[in-house]
Amino acid sequence: MKSTRRRAARNGEPLRQVAALPFRLTEGGEIEVLVLTSRETRRFILPKGWIGRRHKAWRSAAQEAREEAGVIGKVKRKPIGSYIYWKRLSDHFALVEVDVYPLKVQKHLKRWPERRQRVRRWLPIGDAALLIDEPQLHRLIETFGDGGTATTTKDN
Numbered sequence: 001m002k003s004t005r006r007r008a009a010r011n012g013e014p015l016r017q018v019a020a021l022p023f024r025l026t027e028g029g030e031i032e033v034l035v036l037t038s039r040e041t042r043r044f045i046l047p048k049g050w051i052g053r054r055h056k057a058w059r060s061a062a063q064e065a066r067e068e069a070g071v072i073g074k075v076k077r078k079p080i081g082s083y084i085y086w087k088r089l090s091d092h093f094a095l096v097e098v099d100v101y102p103l104k105v106q107k108h109l110k111r112w113p114e115r116r117q118r119v120r121r122w123l124p125i126g127d128a129a130l131l132i133d134e135p136q137l138h139r140l141i142e143t144f145g146d147g148g149t150a151t152t153t154k155d156n
């Protein structure tokens, strides 16, 4: 962990991460969300990670989607919200606040860095929300589906 993050965690400040919410529209206009398993616990999650040193947050979210889920697309530059979770680190737990950026998937990669470490699944948005353990993220995904945000990704 970077020293800045380590210092923040020790001071009780939430660490910052970003997540992508990869989605697509079916022929019937329904929203589907791409979820994937975490490497350790195998729970269903969204692609997420630390903000790159020289990246804007939304670019880091898109990068995580490529590396973890093998998808490329158009990402919104503003998050739809955030959620908080406890991250297990080597010697303690740290509070992490994650900003979530919708990513309209345009391409599926045949090969990507974490393809052998995770399972990915396209699911209707309601089913995807039900599989997510974090209550705040569950609500964010449901709200995304209810709000029509999925069709407005061109306003970046």
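Just so you know, this note's numbering puts 70 at position 70 of the sequence shown, and the rest follows in order with no gaps. Where a beta carbon is used, it is the ideal one built from N, C-alpha and C, also for glycine. The structure displayed is predicted, hence computed values, not measured ones.
Residues of its chain near residue i, where Cβ-Cβ distance is below 8 Å and the 5 sequence neighbours each way are ignored
i      : result
Thr152 : Reliability of the predicted coordinates at Thr152 is poor, the pLDDT of 38 falling under 50, and no value is obtained from them.
Gln161 : Since the displayed the chain opens at 1 and closes at 156, residue 161 lies outside it and no answer follows.
Gly12  : Leu95
When the options are compared against residue i, the one with the closest alpha-carbon
i      : options                       : result
Leu36  : Val119, Leu140, Gly126        : Val119
Ala20  : Arg88, Ile125, Gln63, Glu13   : Gln63
Lys184 : His92, Ser60, Leu95, Leu130   : Examination of residue 184 is not possible in this model, given that the chain is present from 1 through 156 alone.
Gly29  : Arg139, Ile125, Leu131        : Ile125
Arg16  : Trp86, Phe144, Gln106, Glu134 : Trp86
Gly70  : Arg43, Lys110, Thr41, His92   : Lys110
Lys107 : Gly12, Val75, Asp146, Gly145  : Val75
Ile72  : Leu25, Val105, Gly145, Thr41  : Val105
Ala162 : Ile31, Leu25, Arg53           : Nothing about residue 162 can be reported from this structure: the residues present for the chain run from 1 to 156 only.
Residues near residue i by beta carbon distance below 6 Å, same chain, minus five either side
i      : result
Pro113 : Glu67
Asp133 : Arg43
Arg166 : No answer is possible for residue 166: it lies beyond the span of the chain, which begins at 1 and ends at 156.
Between the CA atoms of residue j and residue i - distance to the nearest angstrom
i      : j      : result
Ala150 : Pro102 : No answer about Ala150 holds up, because its pLDDT of 48 lies below 50 and its placement is not dependable.
Ser90  : Trp50  : 16 Å
Ala57  : Gly81  : 13 Å
Leu123 : Val33  : 5 Å
Gln136 : His55  : 25 Å
Ile45  : Leu140 : 13 Å
Glu142 : Arg121 : 17 Å
Glu27  : Gly145 : 16 Å
Arg88  : Gly52  : 20 Å
Ala127 : Thr41  : According to the sequence displayed, residue 127 carries Asp and not Ala. The alpha-carbon atoms of Asp127 and Thr41 are separated by roughly 20 Å.
7 Å Cβ shell around residue i - same chain, five flanking residues per side excluded
i      : result
Pro14  : Ile84, Leu95, Val96, Glu97
Lys48  : Gln17, Val18, Ala19, Glu64, Val98
His138 : Ala129, Ile132
Arg115 : Gly70
Residue i CB to nearest heavy atom of the ligand FMN below 8 Å
i      : result
Leu137 : Because no ligand of any kind appears in the structure shown, any question about the ligand FMN cannot be addressed here.
Inset, instruction - Let me know the alpha helix (DSSP H) ranges lying completely inside the stretch 94–153, each 4 residues or longer, listed in chain order. - result: 125–131, 135–147
Legend entry - Sufficient close CB pairs (3 or more, under 8 Å) joining the stretch 91–111 to the stretch 19–34: yes
Legend entry - Secondary structure, alpha helix (DSSP H): runs of 4+ residues fully inside the stretch 35–92: 57–64
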